[in-house]
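Written below as structure tokens is the structure these notes are about.
Number of protein chains: 4
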Amino acid sequence: MKKLNVGMIGGGFMGKAHSLAYAGMPMFFWPAPAIPHRHTVVDVNEQLAKDAAARLGFDNYSTDWRAVVNDPEIDVIDIVTPNNTHAEIAIAAAKAGKHIICEKPLALGAEQAKEMLEAVKAAGVKHAVAFNYRRTPAVALAKKYIEDGRIGKVLSFRGTYLQDWSADPNSPLSWRFQKKIAGSGALGDIGTHVVDFARYLVGEITDVNAMTRTWIPERPIQTGGIDKLGTVKSGSNDVPKAAVDVDDEVITMVKFDNGAIGTIEATRNAWGRNNFLTFEIHGEKGSLYFNYERRDELQVCFADDPSDAKGFRTVYTGPATPYGEGLWPIPALGIGYGETKIIETYDLFKAIAEDTEFSPNFNDGYQIELIADAILESAEKGQWVNIEKTAVAAK
Amino acid sequence: MKKLNVGMIGGGFMGKAHSLAYAGMPMFFWPAPAIPHRHTVVDVNEQLAKDAAARLGFDNYSTDWRAVVNDPEIDVIDIVTPNNTHAEIAIAAAKAGKHIICEKPLALGAEQAKEMLEAVKAAGVKHAVAFNYRRTPAVALAKKYIEDGRIGKVLSFRGTYLQDWSADPNSPLSWRFQKKIAGSGALGDIGTHVVDFARYLVGEITDVNAMTRTWIPERPIQTGGIDKLGTVKSGSNDVPKAAVDVDDEVITMVKFDNGAIGTIEATRNAWGRNNFLTFEIHGEKGSLYFNYERRDELQVCFADDPSDAKGFRTVYTGPATPYGEGLWPIPALGIGYGETKIIETYDLFKAIAEDTEFSPNFNDGYQIELIADAILESAEKGQWVNIEKTAVAAK
Amino acid sequence: MKKLNVGMIGGGFMGKAHSLAYAGMPMFFWPAPAIPHRHTVVDVNEQLAKDAAARLGFDNYSTDWRAVVNDPEIDVIDIVTPNNTHAEIAIAAAKAGKHIICEKPLALGAEQAKEMLEAVKAAGVKHAVAFNYRRTPAVALAKKYIEDGRIGKVLSFRGTYLQDWSADPNSPLSWRFQKKIAGSGALGDIGTHVVDFARYLVGEITDVNAMTRTWIPERPIQTGGIDKLGTVKSGSNDVPKAAVDVDDEVITMVKFDNGAIGTIEATRNAWGRNNFLTFEIHGEKGSLYFNYERRDELQVCFADDPSDAKGFRTVYTGPATPYGEGLWPIPALGIGYGETKIIETYDLFKAIAEDTEFSPNFNDGYQIELIADAILESAEKGQWVNIEKTAVAAK
Amino acid sequence: MKKLNVGMIGGGFMGKAHSLAYAGMPMFFWPAPAIPHRHTVVDVNEQLAKDAAARLGFDNYSTDWRAVVNDPEIDVIDIVTPNNTHAEIAIAAAKAGKHIICEKPLALGAEQAKEMLEAVKAAGVKHAVAFNYRRTPAVALAKKYIEDGRIGKVLSFRGTYLQDWSADPNSPLSWRFQKKIAGSGALGDIGTHVVDFARYLVGEITDVNAMTRTWIPERPIQTGGIDKLGTVKSGSNDVPKAAVDVDDEVITMVKFDNGAIGTIEATRNAWGRNNFLTFEIHGEKGSLYFNYERRDELQVCFADDPSDAKGFRTVYTGPATPYGEGLWPIPALGIGYGETKIIETYDLFKAIAEDTEFSPNFNDGYQIELIADAILESAEKGQWVNIEKTAVAAK
């Protein structure tokens, strides 16, 4: 069985998730298409890098990502760093002929994403963007229903991603609130996951009409450099503050190329919503509803059920649903965040092993950046913005 | 105790609901502000009118609404007829000095609504539009929380009204699908309830940006004249069809005068959603969620709850919440459609008895028509439309 | 259309509910089998009785229930008084040849219930016990599924009735906590509703094995004589207390004559449960779940659904489900407590008009008293108790 | 950092789960108390063992569990084999001085469990029984609430474990339906998890009163020897069948030493329930509800909340709740089955490193076997059975 050496750039929260997936993927999907080997992890200083290797099970560590990218032993580069570093690393990795998986959003904007896409196409390597949520088995089941025609032609899509970890004005000004590092705010961080759902499940988005708001205009400056999401204690009132220059909330209407319409909303100011990533899809013959907070479940209603027994079914994913053969032996044993990453890793290594296209890839990442840019432009201008369709989005 | 004679124009589904409220209101709210007496009911022919009187408990019946409107014994005119007849009846009733409750939407459009408003203002009578859903105790509780500052300044509002009773292309072309009778489709029929929620709970809507769609372009012509909503059997394929000229679905973004933003969606093509009238409100200090399908409950999250016990509370309305003294003695004994109408009747008769303003009244009805017209204009033009604020909306 | 004069003994909370049903029944079910006419209401003193008549829409009032029971104009006696008075009134009414509807539980125990049953049988009148919850449309739908074989042979039943209105030790010692008036505590007040569900949906209960507990051994003595359930403010610590001599909680295992098994739990000490009347039924071919707090819904799972679309369906009752023709025109418009009483009234007046048996009747009420007595005996002895089957339970 | 070598006996579904936990634990809990090293895995034949090593990341494999148990390099023996083999392996491992984690239920009955307990006590090794569900963060949060007195004295407990993977009469006769291998049926397989919850959250169980049923008396003989739970396709009607000699369903009433009462139900014949492991706990000052199918959530109601904002809170576990520092950075990112095993591994390796007691250990496993034996005895005799308290249950 083929082994592929991974060089992972970044050792934070996402590094943990990816490492678990590298360790666990063959346990779930066996025979594995290829065995991921945790070869080298990179972090910003010696101590962090050494610690990350020990913690995450990598054989080696480094503080020099360029060296790792160019290490001939490495087959796959995994980019789990802040958004502003993705392009440089990915382009270098492509030039070095490495397959690449890059955290989302792909880039700080469409222009940068286009360069990355051109680099991987020129290099002929496999490329993946880590919109892992579409790999939740319940989301994959929704995709299957739609492809099988079980809810008919899709009419409308309503997607949300609501969180509250930064709803407190005293939560720190991490890199996620700084445009130069993050590119955008709720839009890029979480809204793009909904855009990925919309494209995956419904079709290409052609037009957007959006509003953005920054509800908390300034936040306490973060002293430690590390992104800790909601785990950081709120700053005291004495801590100096600086301006937030990205969106806290984005709302957009969307039009799809197949005639469907919809809305997307992403906010980090929704008290009580933790990871409320949802979609509701109305088709001519049925409806779907999904909420990641209850991710083992897909709700589906079929129009042709008898009138006295019609209603949303709560289907728990398991052995009979997508990826079920490899996962847990009965439904509701429990899909966690880890499992979404394990499935993502499986599909990526399968694509590498079988020389097929992984999706979502840099094509998709680029298209999503185009959509995100259009959303920001629309919000600024207060009008509909049309999106250039640049690439056939593999699904 | 004062008795007020009601003349009810229309004896269909809404007539049933209002009649139950007239009978039941004093049973729940005692001493009643005034006793509604079911004096005369009007329907389109002798048989229907006679039947309605017997069924709904009216002393008299008539086929001549003008006679009833001008009957000196009548104190209150209740208009429960299709939308296109509201204006003529209401204006005549106002001229005759009667208090008026009119089903929603108030009119076929803002122009007509304005005439109605001017008529009632000139006459000095009490006027009410029957957006009864805001009288669900859980909605009134949401209002109370907001007024008491318990969720802080409102940032965003997301409201939906999703149904499926006409999602079948063979469901008949009732008056609700004809512009000349209904004025608009999902927008006027159900979307205006969400607009009423938005204005009641958040504030005045200043701008809209909308899309509408007619998913089912033609429907079987209805032979019987009566509106039966979902109870009508689907037509066979042999029945001749005619065009639908109103919207099946409307989506709009909204801006409020206090800086909040939001979305409203109404559709009758959402399989599995029966009466899915919902709102989610995010404030600086908390959030609210309501779904009329589970109308005994309000979900509320308070930001200042301890971190290990924070989350949406499911509060069942009862004696401790608004209108609770008059309703059932313990929570979850059961609020149905009837109770919303009983509360509406209570508030209206109290306003009459105490000579105060009922809300929502024709001011509100007119403002909602302005918003609805702006939504249609926005959908047609594909751009933001600003709404003239014409009246101080009593709440 | 035939009119039947009702004499209602009692003007409290249940009197309100029944009065609404008398007024509303023909509005919903038309042509009505017979028109209930609110003839005379009885209460304990002149002022209360007069007030009740005005409030509840009765033509006359009285403080002398015997006179009303013997009034030749009266056709139906409705008993909505505390449990200890049921027998005397019902037996007198039977002797006077009146049809009878009596609130639950039928009596203070089986012996008393037997006398009542014998009286109505001797008199040949119609008799009903007001276990109204089985008339929730979703419960009637469950019954239909079971009768149609859609979940196969029933294996197990789990029913609960959980409340919290008296979970506070300072809530007053109303008649519901006094054995001489109530007969038993949670068992009679709410547990019998679950017993009614069990018999209605599964079959006759043959054996019970129970535990009871009185969690709050004494409560503040109530100064006003009226039963107010949860609306009464907690007594202060100064109020003298007296002993509670009934159960706060009862748990029982049950065996059915058809081989099914189950559990029943009733408690008034379940903080956060308001009217949590539920059942879960497992059959060979499917399952059912119902929770009255969300009473518009029945959950049903069919074993023969395809493996990738199997799960509980949330069916909202409406026009396509039992009683739907008469109720509201679309699902989820809203079933409240009132509707359950309206349906009960419809079925009772239909039984009177058509001279058929209403169910649950005094046979059922007696059988339920036998079961309740057996539960108390079992709890005391700590062993299984077999229940004599005394009558064919009409369903 | 100390490394502990694990010898795992068994390479099936549970082996996968444990292996993921060995790989992932240090990624989540860092610095780890000790690093689990996957040293050797044992399976029934060379091919399976070799495959398991490759798949699950063990350095070595073997078909000789005795050799592994006695391998001086091994520190911890992990027993993930069918129930009938636990005792022999565990006793041998104890004699060899190895720390032991054994899958639940501990043994085929109390007698066997007692021998195992005596062996580990004599050897002075650490011992654990893998009732992993109590390590769901939401269950640990429930424990914390109770210990902190936030719901007051516990009055009643209602626990269920409902599944449907073997509700089909054609699902195969795996070892789980054979008494000589499994000891009991639903009781041992899933009911003991509820017993573990009851003891963990409420206190020691002193008395039980139970019923058991075998709903499907015979099942198709399984040709492959491997336990696949629900993944096995239903047998055809041609396959020969053999008798099931264990329970499909068990219901028991329980009494606790602190005065609380309750019920426990476990069944594998509940269509639509997949892994419906729930508890509801009523205390004097609040209530708790947990459903593993929605395991990120704990429902809690506090009696002292204001009357207009009282109700169950849906708390999503995360950084602010037990184990939160080590898990995912925001609530609802997703707890799966894997995380429960990762936490279990963390606590076990911490107990080993710090020389403290792990719980639940063989004391608990033995006590649970006593309770399970009492349940079977009670079901057979039809009466209450008292349980000897044999050991102080560490919690």
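Protein chains in written order, with this note's numbering: chain A, 74 to 468; chain B, 74 to 468; chain C, 74 to 468; chain D, 74 to 468. For each residue, glycine too, the CB sits at the ideal point set by N, CA and C.
| Check | Outcome |
| --- | --- |
| Listed by chain order, chain C residues near D:Gln456 by CB distance under 7 Å | Gln456 |
| Minimum C-alpha distance to C:Val142 - residue among C:Ile82, C:Gly97, C:Phe101 and C:Val153 | C:Ile82 |
| D:Lys226 beta carbon near the ligand ZN (any heavy atom closer than 7 Å) | This structure lacks the ligand ZN; in fact it carries no ligand of any kind. |
| DSSP state of B:Glu146 mapped onto helix, strand, coil | coil |
| Distance between D:Lys187 and C:Gln295 (C-alpha atoms, nearest Å) | 56 Å |
| For B:Asn347: DSSP bridge partner residues | Answer by DSSP bridge pairing: none, since B:Asn347 is not bridged. |
| Beta-carbon spacing of C:Ile108, C:Val149 below 8 Å | no |
| The stretch 376-409 of chain B: positions lying closer than 8 Å to chain D by Cβ | Asp378, Ser380, Asp381, Ala382, Lys383, Gly384, Phe385, Arg386, Thr387, Val388, Tyr389, Ala393 and Thr394 |
| Residues of the stretch 351-380 of chain B with Cβ closer than 7 Å to any Cβ of chain D, in chain order | Val373 and Ser380 |
| Simplified DSSP assignment, three categories, for D:Pro99 | helix |
| C:Leu121 in three-state terms, based on DSSP | helix |
| Beta-carbon proximity check, A:Gln372 vs A:Tyr365, cutoff 8 Å | no |
| 3-residue-minimum beta strand (DSSP E) runs that sit fully inside the stretch 124-203 of chain A, ordered along the chain | 133-135, 149-152, 172-175 and 200-202 |
| Chain-order list of residues whose beta-carbon lies under 7 Å from that of C:Ile448 (same chain, five-residue window excluded) | Leu260, Val281, Ala283, Val323 and Thr325 |
| Nearest-angstrom Cα separation, counted from B:Ala180 out to B:Glu442 | 7 Å |
| 8 Å Cβ cutoff met for B:Ile147 and B:His112 | yes |
| Enclosing alpha helix (DSSP H) for C:Ala445 [first to last residue] | Phe435 to Lys454 |
| Selection from C:Phe349, C:Asn434 and C:Gly84 that minimises the alpha carbon distance to C:Leu235 | C:Phe349 |
| Bridge-paired residues (DSSP) for B:Asp280 | B:Lys328 and B:Asn459 |
| Counted within 10 angstroms of its Cβ, other Cβ atoms place D:Glu370 as buried (16 or more) or exposed | buried |
| Three-state secondary structure (DSSP) of D:Ser244 | coil |
| Proximity winner among D:Val319, D:Asp377, D:Val212 and D:Gly182, relative to D:Ile408 (alpha-carbon distances) | D:Val212 |
| Below-8 Å beta-carbon distance, C:Leu274 vs any chain A residue | no |
| Sub-8 Å separation of C:Leu246 and C:Pro290 beta-carbons | no |
| Spatially closest choice to C:Ala316 from C:Thr265, C:Val327 and C:Lys253, by CA coordinates | C:Lys253 |
| Where the alpha helix (DSSP H) through D:Ile415 begins and ends | Tyr410 to Glu427 |
| Chain D contact residues for A:Gln236, given Cβ-Cβ distances below 8 Å | Ile403 |
| Range covered by the alpha helix (DSSP H) that runs through D:Tyr218 | Pro210 to Glu220 |
| Nonlocal neighbours in the same chain, by C-beta distance under 6 Å from C:Lys328, ignoring five residues either side | Thr279, Asp280 and Ile334 |
| Residues of its chain near C:Ala90, where Cβ-Cβ distance is below 6 Å and the 5 sequence neighbours each way are ignored | Lys414 |
| Per-residue burial, A:Gly332 [other beta carbons within 10 Å of its own, 16 or more giving buried] | exposed |
| Per-residue burial, C:Ala195 [other beta carbons within 10 Å of its own, 16 or more giving buried] | exposed |
| Meets three-Cβ-pair contact criterion under 8 Å: the stretch 419-432 of chain A and the stretch 422-442 of chain D | no |
| Interface positions of the stretch 206-223 of chain A facing chain C (Cβ-Cβ less than 9 Å), listed along the chain | Leu214, Lys217, Tyr218 and Arg223 |
| Nearest to A:Trp344 (by Cα), restricted to the options A:Pro145, A:Ala169 and A:Ser239 | A:Ser239 |
| Simplified DSSP state of B:Ile263, which is helix, strand or coil | helix |
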